[in-house]
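Per this note's numbering, residue 4 is the first one in the sequence shown, and the count goes up by one each step.
Even glycine gets a Cβ: it sits at the ideal position worked out from N, Cα and C.
Below: the structure, in structure tokens.
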Amino acid sequence: MDLSLENKKIELIQWLSTLNDTSLIDKLMKLREKEKNDWWREISASEKESIEKGIQDADNGKLTSHSNVKEIYEKWL
Numbered sequence: 004m005d006l007s008l009e010n011k012k013i014e015l016i017q018w019l020s021t022l023n024d025t026s027l028i029d030k031l032m033k034l035r036e037k038e039k040n041d042w043w044r045e046i047s048a049s050e051k052e053s054i055e056k057g058i059q060d061a062d063n064g065k066l067t068s069h070s071n072v073k074e075i076y077e078k079w080l
């Protein structure tokens with residue numbers, strides 16, 4: 004793991020250990036809970052169907068390379 008990331012974590016832990024603002028702690032807990040939510044349960048049926056079709060296409064080798072797509076749409080970019 005990146006050392007600066009470790010340092011940031013330690014700094015956050017130290018800050019949290021001294022925090023007494025209950026409203027801020029509640030906001031942080033809500034953020035933490037939101038991060039635990041499974042996005043798959045939050046998307047629509049059509050979005051799930053589209054993702055599953057894309058996975059199936061990829062499994063069947065029906066892929067278009069990024070460079071080919073870029074060539075096709077280059078004039079609009």
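Next on the checklist: DSSP three-state label for Lys-31, please.
Outcome noted: According to the sequence provided, residue 31 is Leu. The question's Lys does not apply to it. In the structure shown, Leu-31 adopts helical secondary structure according to DSSP, grouped into three states.
Checklist entry - So Ile-28 packs on Leu-22, CB below 8 Å; how close in whole Å? => result So it is a contact: roughly 6 Å between Cβ atoms.
Next on the checklist: Suppose you measure from the CA of Ile-13 to the CA of Ala-61; what does that come to, to the nearest Å?
Outcome noted: When only Cα atoms are considered, Ile-13 and Ala-61 end up about 41 Å apart.
Item to check | Continuous alpha helix (DSSP H) assignments of at least 4 residues falling wholly in the stretch 6 to 75 | outcome: You should have 6 to 21, 25 to 39 and 48 to 62.
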